[in-house]
Each structure stands twice: as C-alpha cells, then as structure tokens.
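Beneath this line is the structure, given in structure tokens, with notes to follow.
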Amino acid sequence: MPKILIVDDEPNIIMTLEYTFKKQNFEVFIARDGQEAIEILENEVPDAIILDIMMPNIDGYATLKHIKNQDTLQACKVMFLSAKNKEEDIRKGMDLGADAYMTKPFSLKKMTEKINELLEI
Amino acid sequence: MNSWWLIIILLFYVGLLFFTAHWAEKRKNNRFTNNGIIYSLSLAVYCTAWTYYGSIGVAATSGLNYLPIYIGPIIVAPLWIIILRKIIRISKRNNISSIADFISLRYGNSRTVGALVSIIIIIGVLPYIALQLKAISETFHLVTDTTLSKNFLTDSTTYVSIALALFASYYGTRYVDASEKRSGIITAVALESVLKLVFFVVIGLFVTYGVFNGFADITEKASKLPEFYEKNTIGGIPQALNWFLLILLSMFAIFLLPRQFQTMVIENNREKHLKTATWLFPLYLLIFNIFVFPIAWGGNLLFEGANANPDMYSLLIPKSLGYDFLTILVFLGGFSASISMIVISSISLSTMLSNNILIPYTFIGRFKKEDEDNNAKYIVNIRKIGIFSLIILAFLLYKFFGLDYNLVSIGLISFVIIAQLAPAFFGALFWRRGSKKGMITGLVTGFLICTYTLLIPYGLGDSPLSATWVQDGPAQIEWLKPFALFGLDYLDPVPHALFWSLLANTLLYLTISVSFEGNYRERNYAEMYVDIDQYNNNVEDVYVWRGTAYRKDIEKVLIKFLGEERTQRAMAIFNKKYDIDTNQELADARLVKFAENLLTGRIGTASAKILISSVVKEEKVTLTEVLKILEESKENIDLNKKLIETSRQLKSLSSQLKNANEELLMKDKQKDEFLDTVTHELRTPITAIRASSEILKEDDELPTELKQQFLDNIITESDRLNRLINTILDLDKLESGKQKLLLTETSLKQTIEQAVEALSQLIKMKGITMKFSIDSDSVIYFDEDQITQVLTNILSNAIKFCPVTNGEIQIELIENDDKIQISITDNGPGIPENDLDRIFDKFYQSENQNIKKPIGSGLGLAISKNIVQLHRGEIWAKSNQSGGTSLHFTISKALNYAEDINS
C-alpha cells in the first residue's frame with residue numbers, strides 16, 4: 004500500500020485530495036503546514052508528498068529543503084501544488100529538486116495520473 | 012628666593028608652552044584647537060604686563076584712569092560681527108598676512124605704503140616689547156631679591172630673553188606662507204591667557220579676602236587715605252574729555268595693534284568664532300578688572316609711606332607677608348602676559364619686516380634665480396632672524412635706555428603711534444575715494460605730531476632741555492608747547508597728542524583724497540574692499556587688469572615659490588573654478604590676480620605684484636574705464652548669482668521629479684504585488700470548488716453523506732469568493748474617495764460593546780478574558796457601520812493572535828480635547844518590529860513572501876486604515892515589551908454631520 008503525505012492549509016482542498024487518494028488505496032497522511040509535515044516525516048517515510056507553497060509558519064520551499072537534507076527521505080517523490088503559477092515560481096520549485104509542479108486550480112484526474120507516473124504504478 | 016630655582020621653574024614653564032604648542036600643532040583643525048574659545052582667549056593677548064602690573068600702579072596713584080583702556084574694546088566688541096568679519100573676509104580672499112599688507116593693498120598695492128606702515132608700526136611696537144622685557148626683568152629681580160646687573164652675561168634676564176626669542180622664532184615660522192594658521196602658538200597663547208587671568212584672580216582673592224575682609228573693608232580703610240575720593244571719580248569736563256580720548260584710543264588699538272590683527276584676523280579659522288569672541292573677550296576684560304581696585308588700594312594701605320613701587324603691589328603684597336608660592340604664581344602670570352605679547356608681536360613685526368621691507372626692496376631679485384626649496388628656506392630664515400633680532404633689539408633698547416617711565420605711559424605712547432593708522436584703515440573698509448596720497452600725507456603728519464608731542468618730550472626725559480622745552484615751548488613760543496599745542500592745556504599728554512595727531516591725520520586724509528583722485532589700481536581695490544561681501548567667492552573677477560601675459564610665464568614664477576606640484580594643483584583649481592580651457596596660452600586678469608594671491612602669503616602683496624609684473628606686460632587703464640569695467644563685473648556677478656539660483660531651482664525640480672518617479676515605480680510594484688496576492692486569494696476557493704465538483708461529477712457511487720460534504724464545500728467556498736470580491740470593491744471605494752461617511756451622533760462606548768458582543772461566540776470558544784478601561788461616554792459624530800468594521804477587524808485579529816490558554820484582550824478608550832483614542836491589546840506573540848508599519852498595506856505578507864500570515868484575508872487592516880483616515884484619525888501598531896500587540900486608532904471630535912468629509 005503506497006503512502007502519500009498531503010501538506011496544505013486549506014481544509015476543503017485537503018478533503019478532496021484525501022478522498023481521491025484513499026479511493027486509490029493510498030495510505031494518506033495530512034499536515035496543515037510545513038511544521039506539521041516535518042513532524043510527521045520524523046516517523047513516516049511516504050512514497051509521495053503533495054506540497055503547498057504558501058503556508059503559515061514554514062513554507063513549502065523550506066519544507067522541501069528539509070526533505071532533501073534527510074537521508075531517509077531521498078526516495079520520496081515530491082510534487083508542489085500551488086496557486087503560484089508564474090514561470091519563475093515553477094522554475095524555482097523544480098530547481099529546489101521537486102519531481103513535479105502542478106498549479107491550482109487542478110484536475111484531480113491529472114493529479115492521480117501524475118502521482119502514479121512518478122511512483123511507476 | 013634663589014634665582015636658579017626661579018630659572019628652573021621658568022624653564023619648566025616655557026617647556027610646558029613648547030609642549031602645548033607642539034601638541035596643538037599636531038592637532039590642527041581638531042575641535043580642541045580650532046574653536047571659538049581658543050580664538051577668544053588668544054585675543055586676550057591684549058592684556059600684557061601693562062594690564063597685569065601697570066593697571067594696579069595707575070589705580071594706586073591716579074585712580075580710575077586704568078579703566079578706559081578696557082572700556083574701549085568692550086564697547087566696540089559687538090561691532091566685530093560687522094567690521095571684523097569684513098576685515099577677515101578681505102584678508103582671507105587676498106591672502107593678507109599683516110596689517111601693513113592690508114593697508115598697502117588697498118592703496119594700490121603700493122610698496123611705499125607697505126614699508127611706511129611697517130616702519131611706523133615697528134617704531135611704535137618695539138619699545139612696547141622692550142617694556143614687556145623690562146617687566147619680566149624687574150619682577151624677576153624682585154622675586155629673587157637680586158639687583159639688576161649691568162653685565163649681560165651675569166644678568167639672568169638675558170637668558171630668559173634669548174630663550175623667548177628662540178621659542179618665538181622656532182614656532183612663529185613653521186610655514187613659508189605667512190597667512191597660514193599657527194595653531195600651535197595660538198593654543199599656547201590661549202593657555203597663557205587662562206593662566207594669567209587665574210593667577211590674577213587668585214592674588215585678587217588673596218588680597219581682598221585673605222589680607223583684608225572683603226571689598227567693603229578695603230574701601231572703608233582706604234577712604235581714610237588722602238585723595239581717595241578725588242582719585243576715584245572721573246572729575247570735571249576736561250577729565251571726561253581725557254577719558255573719551257583714551258577710550259577712543261583703545262577702540263582703535265584693539266583693531267590696529269599688530270598682535271591683535273595677527274590673532275583676530277590672520278589666525279581666524281572660522282568666521283563663526285567671532286560670535287564667541289564678542290561676548291567672551293569683554294567678559295575676560297571685566298573679570299580681569301574686578302581685582303585691580305582692591306589690590307591697588309590694599310597695597311596703598313599696606314605700604315603707606317614705605318616708598319614701594321605701586322606697579323609691583325601684586326608681587327610685593329604676598330612677598331612681604333611671606334607667601335612664596337603665591338609670589339611665584341603671580342610672577343608666572345605676569346610672565347605669561349609678557350611673553351604672549353612678545354611672541355605674537357614679534358611674529359607679526361617680522362612678517363612685516365620681511366614681506367613689506369626686506370623682500371620687496373632687497374631680496375626680490377635673488378628669488379627670481381633660485382628654485383622653490385631654496386626660496387622657501389630663505390624666506391623662513393629671513394623671518395626667523397627677523398623675530399630673533401627684533402626681540403634682542405627690544406632687549407637692548409631696554410638695557411641701554413632703561414625706559415624709566417612706568418609701564419602704562421610707554422604702552423599708551425605705543426597706542427597713539429599705532430592709532431595713526433586708523434583713518435587709512437577704517438577708510439579702506441568704508442570709503443571708496445580714500446587715496447594713497449591722502450593716506451600717506453595724513454599718516455606722516457600724524458606721526459610727526461606724535462613725535463613732537465610725545466616721543467621727543469619723553470625721549471628727553473628729565474634733562475634740563477626738556478624742562479624748558481616742555482614748560483615754556485621751543486624758543487619760548489607759548490602755543491608750541493608740546494603738551495599744550497595751540498593753548499590746549501587741559502588734556503593729559505597722551506590724549507592731547509592723540510587729539511592733535513589724529514585730527515591732522517584725518518583732515519589731511521579726507522581733503523587730499525577728495526582733491527586728488529587715486530590711480531585706477533587704488534580705485535579697483537577700494538571697490539573690492541568696500542563691497543567684499545559681494546565678491547566674497549570670486550575676488551579675481553573684480554580685479555581690473557589689461558595687457559599681455561602668458562600662462563607659462565606666470566606658472567614659471569609660481570613654481571619658484573610653490574614648487575611644481577602645488578603650482579599644478581593651484582592651476583587646476585583655477586581652471587576648474589572659472590571653466591578655463593587648459594590649451595589657452597594667454598592669461599587674463601583673473602589669473603594675474605590669482606597668481607598674485609598665491610604669492611602674497613609668502614612674500615607679501617607688494618613683492619607678489621612686482622614678481623608677476625616682471626613677466627607680464629600691463630597696459631594702463633584709465634579711471635573711467637576701471638569704473639566701467641567694475642560696473643560690468645558687478646552686473647556679471649549679479650547675473651552669476653541669478654544663474655546659480657536658477658540652476659539650484661532646476662536641481663531641486665529634477666530631484667522632485669526623481670522622487671515622483673521613484674514613488675510611481677514603488678506604486679507600480681505595490682500594484683503588482685497586490686494583483687499577485689488577489690489572484691492567489693481568488694484561486695484558493697476556486698481550487699476547492701473545482702476539485703469538489705470533479706469528485707461529484709466523476710464518482711457516481713459517492714455516499715450521500717460525502718456528497719453532502721462536497722456540496723457544502725462548494726457553497727462555503729463560493730461565499731468566500733463573493734466576500735473577497737466585496738472586500739476588494741470596498742477597499743477600492745475607500746481608496747478612490749468614493750466612499751462617503753454616514754455621520755451620526757453615537758456613543759463610541761456602545762459601538763465597542765456591540766462589536767465585542769458580535770464576536771462573543773469566538774471569544775468564549777477560545778476562553779479569552781476581556782478587560783475594559785473605558786472612562787468616557789461621549790457622544791460624537793462618526794460612521795457607526797464603518798467604525799464597527801474597524802473594531803471587528805482588529806478584534807478578530809486579536810482573537811486569532813491570543814494564545815490557546817490564558818488569552819487576554821484589553822480595550823482602552825482615552826478622550827482628549829480634540830480626539831478619542833481606542834487601543835486594543837492582545838497577549839499573543841507580537842509582530843516583528845520591521846513589519847509594524849507594513850501591516851496596514853494591502854495584502855501585507857511578512858518579510859518572507861511565502862509565509863501566510865494568520866490574519867487571513869490581508870485586506871482588513873488596509874480597509875481599517877482608510878476608514879480611520881476618513882475620520883481624520885490615525886492608526887498604528889506597537890509591539891509590547893512583554894509580548895502581545897497593541898493597535899491604536901483615533902477619531903477626530905471635530906467631525907459633524909453637515910460637513911462633506913471628502914471635500
């Protein structure tokens with residue numbers, strides 16, 4: 004059973020993602036900001052992480068940097084999911100080492116396809 | 012007291028002066044050496060041994076007559092701001108290094124005038140220096156109980172004089188350019204001024220309160236002495252005239268004495284130092300004079316009938332009572348007074364001797380052949396030897412002629428001679444028509460009258476010839492009596508001489524100047540002197556000169572004195588100042604004047620002119636032409652001033668434009684940020700709606716409960732979207748001024764309570780304690796809906812910021828005369844200092860753009876700010892020391908329903 008961590012501060016968006024991935028037989032973890040995500044990642048090693056950028060306390064960029072510094076998390080596939088849709092925002096995200104970048108609003112169908120592609124399912 | 016001991020003390024003291032001078036020289040332009048106080052104290056070189064000892068002598072023997080010499084400078088000091096500033100400006104712009112230069116430059120830069128003035132000054136001042144040496148010598152012998160030795164080698168004062176001469180010649184000639192500032196020596200003089208005053212006050216206090224029982228005690232006892240009352244009143248009208256003339260004399264002296272000109276004008280670093288001098292210097296003189304009376308009459312009481320020299324009372328009193336230490340202090344004070352005068356006078360005399368007599372008449376040819384190094388050495392050596400020999404000459408004068416008069420009379424004679432410069436000097440400042448012929452005739456005649464009425468009678472001394480000559484007049488001619496010329500017999504000799512000499516001097520100066528016009532050069536400098544304020548920054552412009560001159564030739568002359576490097580630097584400055592093409596071969600009038608100025612400090616005005624004239628070919632200019640050229644240059648200067656003003660305006664306009672541009676750029680950036688944030692804020696609910704709809708569309712088997720949830724999602728997010736759009740429109744309305752206030756008379760207290768009530772559910776949920784401190788129940792005009800919105804915005808933030816446990820919000824209302832202030836404070840984490848001002852910006856995000864602030868929609872505070880401003884109030888935030896944030900806003904009480912708030 005693949006594991007996925009969803010990091011976003013909007014409960015209504017989380018709700019849709021949670022429902023969709025549970026239906027796909029993922030084990031789903033939820034964090035409301037970067038801080039919570041880092042705490043979860045201390046105990047869990049998910050296969051994929053969906054990461055918002057604009058969040059309270061610790062933003063998405065900083066969270067990714069943290070992930071990249073952890074030996075145990077090297078295999079994690081990380082996808083940014085953000086309303087920041089400018090060319091330079093996307094480039095910055097990819098340069099930091101994200102595996103994919105999807106802009107809001109998004110299609111859940113494309114989202115699942117992309118995650119499956121990343122995890123080679 | 013053993014004389015060797017005293018010599019050791021003196022050496023130590025002179026060493027201290029050397030050290031001070033050395034220390035200050037290294038700290039030129041430092042705030043300790045370059046300030047108004049040092050400047051004012053250096054002016055106190057006016058108080059010589061004559062003040063220090065002589066005033067007491069006069070007070071003891073003839074009463075109040077010691078006062079006029081100090082009253083004159085005190086009266087004239089406030090005028091310094093005008094007169095002295097003018098003199099300083101003229102001197103600085105023309106690199107003038109002595110009063111002889113100052114006068115001779117004005118009268119056509121005449122070598123003759125410079126030499127004449129220098130000679131008269133040297134004649135006047137040399138005996139005055141001798142007088143100081145006499146004071147040192149006599150007090151030295153008095154303190155050590157030795158007698159004057161006729162043999163030079165055994166007389167210790169010889170060595171003191173030599174040491175002094177060395178000190179002065181070493182420190183007085185540090186610079187080739189005589190118009191340079193001598194910080195070292197000036198600081199040493201200022202120190203001496205402090206010491207002589209302090210020591211004088213000490214002996215004064217000692218006599219008044221130690222020996223006697225205060226001023227009243229001395230006055231009471233002294234009033235029993237004969238002639239006490241006669242001596243301590245001014246007397247009748249003749250005596251008042253004497254006073255008047257003496258006051259006038261000292262007014263002139265304070266400007267004209269070479270040592271005063273040196274310290275006041277040449278050594279002035281900044282014009283603003285004058286301001287300090289106008290009060291500090293008179294104060295100094297006043298303090299000095301407080302104790303003259305008690306010491307003099309105390310001495311008269313103590314030494315009644317003992318045949319003591321009243322000039323020496325200040326030494327005799329402590330000595331006779333056995334206070335050796337005090338005696339030495341007094342001696343050192345007098346020594347200070349003497350040597351400051353000797354040093355400064357000899358520096359200025361030697362500058363005149365070299366720049367106005369020796370160089371222009373003898374050495375000038377030699378300089379043309381030599382190079383810079385040799386010339387500089389040569390000039391310095393001439394002055395060194397000059398200072399040294401002047402002091403030694405004065406010493407010999409004292410040794411051989413004895414100078415048997417009391418300290419005051421020689422000083423006054425010196426004053427009268429120097430005062431002969433007054434008409435020419437003050438005429439130079441204010442009168443354009445004064446001419447060289449007029450001033451020479453006046454000066455020479457005045458000096459001759461002085462010689463006849465003062466120098467000869469005093470020179471003859473007690474000889475039998477003097478008796479008949481002075482008493483009966485030469486060849487028994489009554490009206491030629493030197494002390495009562497033309498029957499004027501009620502004036503004392505000094506005022507008498509001053510009266511006649513100055514009268515003749517002034518009348519001749521005026522009448523001859525008016526009758527015979529001066530040449531064009533005199534008129535040219537007259538214009539420059541009188542209108543110096545107008546030409547302050549470009550004296551070269553006003554110099555009238557016509558002829559042929561090559562820049563190369565002038566440069567060659569300059570190099571001989573300034574050296575290659577400094578000449579090039581000076582030329583570069585000149586070219587830049589007047590925007591001159593360096594390829595130009597011919598020099599113009601401005602360069603001729605500029606070059607003369609550069610040389611003037613080194614070799615004096617006259618020699619500078621001679622040197623420059625030798626390499627240029629000047630054509631004669633008529634007086635009318637000069638006046639025409641001057642008129643034109645005046646117009647040019649006015650035009651220049653206008654141009655400068657216009658260019659200043661243009662500059663300020665362009666900087667305003669730049670600011671406006673920057674502001675626009677910033678606004679543009681803010682607008683971009685605003686749009687960025689708005690789109691982000693809009694996309695978030697759209698995303699939720701889009702995702703929820705997708706699930707509802709794709710998933711047919713969705714359980715009803717979940718279906719319900721996703722539909723709820725869509726509804727709440729749509730509402731949020733709508734609210735957001737409304738808020739943005741609100742803000743736009745406020746910012747564009749379309750929003751009108753609906754003013755009603757309402758109780759603010761009630762509005763606050765209602766706003767809190769509306770949020771009570773949230774407050775209860777978070778368990779927050781509310782504290783109120785509202786002591787006003789005023790009813791004022793404001794828009795209730797809008798203010799409620801402000802309160803709700805701030806309160807919601809406060810609630811969000813409050814910690815999960817023990818949250819606390821305090822609401823405070825303070826009423827002033829013109830406004831009401833509301834403060835809402837929470838005990839949350841506070842806002843970073845940098846962000847305090849920015850939280851009222853639209854969609855403010857903290858420094859890190861990607862951190863979402865917990866406030867949520869970032870428009871709340873921006874809207875609040877606009878509303879408060881419409882209420883003519885202010886809004887601001889503060890972070891508290893103990894944590895937590897306070898938001899404060901005010902509402903003006905001056906609003907009323909009738910007024911259109913947006914007009």
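If you're matching them up, the sequences are chains F and V in order.
The opening residue of the first sequence carries number 4 in this note's numbering; numbering runs sequentially from there.
The opening residue of the second sequence carries number 12 in this note's numbering; numbering runs sequentially from there.
Note that CB positions come from ideal geometry on N, CA and C, so glycine has one too.
Tell me the residue span of the alpha helix (DSSP H) that contains residue i.
| i | result |
| --- | --- |
| V/I973 | This structure does not reach residue 973 of chain V, given that chain V is present from 12 up to 914, and the question cannot be answered. |
| V/I85 | P79 to V87 |
| V/W490 | Segment: none, V/W490 is in no alpha helix (DSSP H) and carries neither H nor E. |
| F/Q38 | G37 to L44 |
| V/K775 | S771 to K777 |
| V/C813 | Here V/C813 belongs to no alpha helix (DSSP H), and DSSP marks it neither H nor E. |
| V/R534 | Y531 to V541 |
| V/F151 | R122 to T155 |
Helix, strand or coil: how does DSSP classify residue i here?
| i | result |
| --- | --- |
| V/E819 | strand |
| F/M105 | strand |
| V/D711 | coil |
| V/T757 | strand |
| V/M275 | helix |
| V/Q595 | coil |
| V/D741 | helix |
| V/T184 | coil |
| V/K782 | strand |
| V/A227 | helix |
| F/I52 | strand |
| V/V555 | coil |
| V/R193 | coil |
| V/E282 | coil |
| V/S471 | First, the residue type needs correcting, since residue 471 of chain V is Leu and not Ser in the sequence shown. Helix. |
| V/K653 | helix |
| V/Y118 | coil |
| V/P237 | coil |
| V/T452 | helix |
Could you spell out where the beta strand (DSSP E) holding residue i opens and where it closes?
| i | result |
| --- | --- |
| F/V81 | K80 to S85 |
| V/H899 | T896 to S903 |
| V/K4 | The structure shown has nothing for residue 4 of chain V, since chain V only spans 12 to 914. |
| V/V626 | Unbroken run through V/V626: none, as it is neither H nor E. |
| V/Y792 | V790 to F793 |
Going by beta-carbon coordinates alone, are residue i and residue j separated by less than 8 Å?
| i | j | result |
| --- | --- | --- |
| V/T803 | V/L824 | no |
| V/Y540 | V/L597 | no |
| V/L641 | V/V525 | no |
| V/M450 | V/Y118 | yes |
| V/G558 | V/K604 | no |
| V/A176 | V/T31 | no |
| F/T19 | V/I706 | yes |
| V/I565 | V/I655 | no |
| V/V56 | V/I402 | no |
| V/V303 | V/L326 | no |
Return the bridge partner residues of residue i from the DSSP annotation.
| i | result |
| --- | --- |
| V/K889 | V/S897 |
| V/E826 | V/I831 |
| F/F32 | F/L8 |
| V/D837 | V/I820 |
| V/Y561 | V/L597 |
Examine the ligand ZN and report whether any of its heavy atoms sits within less than 7 Å of the Cβ of residue i.
| i | result |
| --- | --- |
| V/A769 | In terms of ligand content, the structure shown is empty, and the ligand ZN therefore cannot be addressed. |
Discussion item. Beta carbons nearer than 8 Å to chain V: which residues of the region 108-122 of chain F have them?
Written reply: P108, F109, S110, L111 and K112
Practice prompt. Give the residues from the region 681-706 of chain V that approach chain F closer than 7 Å (Cβ to any Cβ), ordered along the chain.
Written response: Taking 7 Å as the Cβ-Cβ cut-off against chain F, the residues of the region 681-706 of chain V that qualify are H691, R694, T695, I697, T698, A699, R701, A702, S703, E705 and I706.
Practice prompt. Using a Cβ-Cβ cut-off of less than 8 Å, list which residues of the region 12-23 of chain F approach chain V; keep chain order.
Written response: Residues D12, E13, N15, I16, M18, T19, L20, Y22 and T23.
Worksheet item: Got a sec: which bits of the region 711-735 of chain V sit with their beta carbon under 8 Å from any beta carbon on chain F, in order along the chain?
Response: L717, Q720, F721, N724, T727 and E728
Fill in: chain V contacts made by the region 33-60 of chain F, where a contact means CB separation under 8 Å
I56, M57, M58, P59 and N60
Discussion item. Can you pull out the residues from the region 86-105 of chain F whose beta carbon lies closer than 9 Å to at least one beta carbon of chain V?
Written reply: So the close ones are A86, K87, N88 and K89.
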